[in-house]
Structure formats: structure tokens, C-alpha cells
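Everything on this sheet refers to the single structure shown next.
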Amino acid sequence: MSDEKNERVQVLKLHHLRPAAGSKKDRTRVGRGEGSKGKTAGRGTKGQKARYQVKVGFEGGQMPLHMRTPKLRGFKNPFRVEYQVVNLDKIAELYPNGGDVTVADLVAKGAVRKNEKVKVLGQGDISVKLTVSVDKVSASAAEKIVAAGGTVSQ
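Numbering (our numbering), first residue to last: 76 to 229.
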């Protein structure tokens, strides 16, 4: 019992914490006296590299890469509208008994992502009656849907 009293429990306190040995190393302040890379500050003597910096992309007088490559022509239309495409074969797979095809329905079935426009394309065949109301339908898809007895609204 006397052993227990003699052993003190060391409580961890914030002011007792110390960083691990060697983890905090002082940065060398170059050019501040002969003892710490004074005079030339580790840059050697004379020359372009000793004076300041070589510009970013400077290739020693050789024609730089950004000037060797051709200019990009044209422009990107900021108003371009991109559609998520769904083909008729996918719709036939999702709606085997026919029915109403809407954007919300396609999102719920996992065919398209939400908050994006949807376009139905005509790859594949359809044999059931569908009522398609999406953002856009290609001419071939509309033709096949109407031929199967369905309707298309955009």
C-alpha cells in the first residue's frame, strides 16, 4: 500500500507538452554573416543565377515551349447547352409496359442525373406505347415513338 502512495500519477498538462526531438529545426537565414552562408548566400559567384532569378519558362535563350506551340484557334461558346442522352433501347428496357416518360421519372430510375437537360435519341427500337415529355427528342426517335403509337412533347 505504501508503494501506491509513493508512485505519483502524472497528469498530462498543456504546459508540459514539448515537440518531438528534431521536429522543429531552425531555418537557415542566409546572407546574415559569415557563419551562416554569408556574402554569396549559397549562390556561388557571379552569373545569371547569382544575381536574381531566371524567369519562369526561360529555357536559356532557346525558343520557349509556350511560343513553339501553335495558337489555339476558335472559341468556346459560353451559351452552349449540353444534354444528357438516353437512347430508345434504354427507354424500352426501363419501360417494358409503356407509360409516361418524364425527366423526373428518368432521374428516379437512375438513367440520368438531376438538374440537367435530357435528349432522347433514336438508337434501338420501341414496341410499346409511350408518352414522352423531355427537353429534346431527335427526329428519328420521335418517328419511332409515334410509329409505336406513342406521343412526343418537348
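All C-beta atoms, glycine included, are put in the ideal place defined by N, C-alpha and C.
Pick out whichever of GLY199, LYS112 and VAL203 has its Cα sitting closest to the Cα of GLY174.
Nearest of GLY199, LYS112 and VAL203 to GLY174, Cα basis: VAL203.
CA-to-CA distance, LYS99 to VAL182, given in whole angstroms
54 Å
Can you tell which of SER111, THR226 and ILE220 has the C-alpha that lies nearest to the C-alpha of ALA167?
When the alpha-carbon of ALA167 is set against those of SER111, THR226 and ILE220, the nearest one is in ILE220.
What is the C-beta distance between VAL105 and GLY117, in whole angstroms, given that I count them as a contact (C-beta under 8 Å)?
With 8 Å as the limit, VAL105 and GLY117 qualify as a contact, their Cβ atoms being about 6 Å apart.
With the cut-off set at 9 Å, would you say LEU140 and ALA216 are in Cβ contact?
ALA216 sits away from LEU140, with the two beta carbons spaced by 9 Å or more.
Pop quiz: ARG188 and GLN229 are said to be a contact at Cβ under 8 Å. What is the actual Cβ separation, rounded to whole angstroms?
The Cβ separation is near 20 Å, so there is no contact.
Alpha carbon to alpha carbon, what distance is there between ARG143 and THR226?
56 Å
Would you list the residues sitting across from LYS194 in a DSSP beta bridge?
VAL160 and LYS211
Measure the alpha-carbon distance for ARG155 versus MET138 and round it to whole angstroms.
Each residue's alpha carbon lies about 37 Å from the other.
Would LYS165 and ALA186 qualify as a contact pair, given that the criterion is a beta-carbon distance under 9 Å?
yes
Specify the secondary structure class of LEU205 as computed by DSSP and reduced to three states.
strand
Whether THR177 touches SER208 by CB criterion (9 Å):
yes
Could you give the first and the last residue of the continuous beta strand (DSSP E) run that contains ASP175?
Run containing ASP175: 174-177, per the beta strand (DSSP E) assignment.
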